[in-house]
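J.: Pasting a structure here, questions to come.
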Amino acid sequence: SLTNSWFKNSPLLEIIQQAQNMGLKLIITTDHGTINVKQPSKVIGDKETSLNLRYKTGRSLTYNENDVIEAKDPANIYLPSITMSSSFIFAKNDLFFAYPNNYNHYVSYYRNTYQHGGVSLEEMVIPFVVLEPR
């Protein structure tokens, strides 16, 4: 598999082996999880709107309210305001944002890819593993 091939050829395998040889406990983590996005949600924004597939920040965003968690006043949830009228939207579940221009191209390109930046459980829970030598 692709994952197995990546792991066998990555520096991570060598680090794990060195930790085991030295008798060290090793904790491996990441800064966030990811989710396999499956369904598009149309969004419209101006040219200053952020490019991320799972969240958008900008002015005058148009979107389906059922598909997002919105922060019309970012300061209320401790996020920065890019401009006085900027807001944030975060994709729910396995949705990803796609613009109406080239919609079908973006949908076919990004569907079934792993993304982050939304508010799914998979993205919010920080994965980690504790390895102890035998």
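If you want the working numbering, it's the position in the sequence shown, counting the first as 1, plus 13. Positions of the beta carbon are idealized from the N, C-alpha and C atoms, including for glycine. These figures come from a predicted structure and were not determined experimentally.
1. Span of the beta strand (DSSP E) holding glycine 115?
2. So what does DSSP say about asparagine 89, is it helix, strand or coil?
3. Checking 8 Å against the spacing of the C-beta atoms, do valine 143 and isoleucine 82 come in under that value?
4. Using DSSP bridges, identify the partner residues of serine 54.
5. Under DSSP, the beta strand (DSSP E) around isoleucine 95 begins and ends at which residues?
6. Answer with yes or no whether the minimum CB distance from histidine 45 to chain D is below 8 Å.
7. Taking 8 Å as the threshold (C-beta atoms), are aspartate 86 and valine 50 in contact?
8. Determine the direct distance from the alpha carbon of glutamine 31 to that of arginine 147, and round the result to whole angstroms.
9. Would serine 63 pass as a contact of lysine 55 if the rule is Cβ separation under 8 Å?
10. Taking its Cβ as the centre, do 16 or more other Cβ atoms sit within 10 Å of serine 98, making it buried, or is it exposed?
T.: Based on what the coordinates show:
1. Just to set this straight, residue 115 is asparagine in the shown sequence, not glycine. No beta strand (DSSP E) contains asparagine 115, which DSSP labels as neither H nor E.
2. Reduced to three states, the DSSP call for asparagine 89 is helix.
3. Cβ atoms of valine 143 and isoleucine 82: not closer than 8 Å.
4. Under the DSSP definition of a beta bridge, serine 54 partners with Phe110.
5. Note, isoleucine 95: premise wrong, no beta strand (DSSP E); not H, not E.
6. The structure shown contains no chain D, having only a single protein chain.
7. No, the pair does not count as a contact, with Cβ atoms beyond the cut-off.
8. Roughly 13 Å separates the two Cα atoms.
9. For the pair serine 63 and lysine 55, the CB atoms are not nearer than the 8 Å cut-off.
10. Exposed, because fewer than 16 other Cβ atoms sit within 10 Å of the Cβ of serine 98.
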